[in-house]
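Quick notes on the structure that follows.
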Amino acid sequence: MQQETLERLHSRYLVQAAWTASIREQLFDSIQINGTHKVLEVGSGTGVISAEISQQFPLEIVGVDIDRSAVTFAKNIDPASSYLAGDGNNLPFQPAVFDVAVCHFLLLWVEDPEKILDEMVRVTKPGGWVLALAEPDYGGRIDYPRELETVGQMQIQALLDQGAKPYLGRTLRALFHAAKLTEIRSGLLGGEWQGSPDEEQLESEWETLARDLSHLLPADEIEQFRRIDRKAWKMGTRVLFVPTFYAAGRVPPI
18 MQQETLERLH
28 SRYLVQAAWT
38 ASIREQLFDS
48 IQINGTHKVL
58 EVGSGTGVIS
68 AEISQQFPLE
78 IVGVDIDRSA
88 VTFAKNIDPA
98 SSYLAGDGNN
108 LPFQPAVFDV
118 AVCHFLLLWV
128 EDPEKILDEM
138 VRVTKPGGWV
148 LALAEPDYGG
158 RIDYPRELET
168 VGQMQIQALL
178 DQGAKPYLGR
188 TLRALFHAAK
198 LTEIRSGLLG
208 GEWQGSPDEE
218 QLESEWETLA
228 RDLSHLLPAD
238 EIEQFRRIDR
248 KAWKMGTRVL
258 FVPTFYAAGR
268 VPPI
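This is the structure we're talking about:
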């Protein structure tokens with residue numbers, strides 16, 4: 018992957034991490050994560066979540082990603098953590114190595130979410146925790162003004178065309194049960210609108226949308242939707258809600 022692409026993705030991941038920061042704080046507090054824990058992030062990408070965890074807690078964290086260039090990028094921006102190239106379907110660890118295993122915006126992109134979770138469970142110690150920190154469900158997307166509903170509908174098609182699972186979020190609790198996790202807690206990230214997002218967030222969202230929709234709509238129509246979106250944010254009338262689910266489950270004791 019080219020450096021320019023990695024930097025763009027890193028900026029996008031930073032925006033996503035800002036959206037979901039509150040639920041990470043809540044989940045980490047609920048499982049009492051601390052400096053004695055060894056943590057694994059599967060699908061660590063450019064290192065945004067792992068770097069945040071290592072900055073917040075004096076613990077050992079390992080990030081694994083299938084993309085070697087992303088692993089190199091993560092090592093450069095976060096030398097305090099360890100990063101390895103590896104496949105989440107076959108994690109390069111012995112059983113029961115980690116106290117906590119996490120993923121963030123990962124399961125909707127993988128072919129077999131059940132296998133990924135099974136591997137996360139395998140490498141987590143009995144009594145340890147597996148966390149899916151954020152998995153969206155685009156089937157529940159709400160847009161207002163109504164002219165923008167088309168954008169949400171087309172994004173679902175674009176995600177399907179990319180091999181993603183846009184309805185993954187609603188299945189998350191069932192996936193955790195199928196992985197035989199216990200003490201499962203799951204929920205939905207809240208929606209709150211106070212003013213408009215900052216310029217960086219808006220640009221990140223529309224850059225991603227434009228790329229997703231480029232094979233479905235001509236550029237001038239995408240730009241028209243972008244103008245409607247910007248105007249609605251400026252007027253204070255815009256509502257955009259993509260249900261984003263989270264789940265935590267405990268590996269059963271032996």
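Numbers given in the working numbering equal positions in the sequence shown, counted from 1, plus 17.
For glycine and all other residues, C-beta sits at the position ideal for the given N, C-alpha and C.
For the alpha helix (DSSP H) containing residue i, name the first residue and the last one.
i, result
"Tyr30", "Gln20 to Trp36"
"Lys55", "Premise fails: Lys55 lies in the beta strand (DSSP E), Lys55 to Val59, not in any alpha helix (DSSP H)."
"Ser231", "Per DSSP, Ser231 belongs to no alpha helix (DSSP H) and is neither H nor E."
"Leu189", "Leu189 to Ala195"
"Asp135", "Pro130 to Arg139"
"Asp246", "Ala236 to Met252"
"Ala181", "Premise fails: Ala181 is in no alpha helix (DSSP H) and is neither H nor E."
"Ile70", "Val65 to Gln73"
Once DSSP output is grouped into helix, strand and coil, what is the label at residue i?
i, result
"Tyr155", "helix"
"Ser203", "strand"
"Val163", "For clarity, residue 163 is Arg in the given sequence; the question names Val instead. Arg163 falls in the helix class under three-state DSSP."
"Asn93", "helix"
"Val119", "strand"
"Leu101", "strand"
"Ala265", "strand"
What whole-angstrom Cβ distance do residue i and residue j have, given they're in contact under 8 Å?
i, j, result
"Val81", "Ser61", "6 Å"
"Gly266", "Ile201", "4 Å"
"Ile245", "Pro162", "7 Å"
"Leu189", "Glu152", "5 Å"
"Ala195", "Glu131", "6 Å"
"Val138", "Val56", "About 15 Å; that fails the 8 Å criterion."
"Ala118", "Ile94", "With a Cβ gap of about 22 Å, Ala118 and Ile94 do not count as contacting."
"Val168", "Phe122", "The Cβ separation is near 19 Å, so there is no contact."
"Ala149", "Leu108", "Their Cβ separation, rounded to whole angstroms, is 16 Å, which puts Ala149 and Leu108 out of contact at 8 Å."
"Val140", "Phe115", "6 Å"
"Leu192", "Pro183", "The pair is not a contact, with the Cβ atoms about 15 Å apart (cut-off 8 Å)."
"Trp126", "Ala181", "6 Å"
"Glu58", "Ile48", "15 Å between Cβ atoms; not a contact."
What residue range is occupied by the uninterrupted beta strand (DSSP E) comprising residue i?
i, result
"Glu77", "Glu77 to Asp82"
"Phe258", "Val256 to Phe258"
Checking the sheet assignment: what are the DSSP bridge partners for residue i?
i, result
"Thr225", "According to DSSP, which records beta bridges pairwise, Thr225 is partnered with nothing at all."
"Thr148", "Correcting the residue type first, residue 148 is Leu in the shown sequence and not Thr. Val119 and Ala265."
"Asn107", "Asp104"
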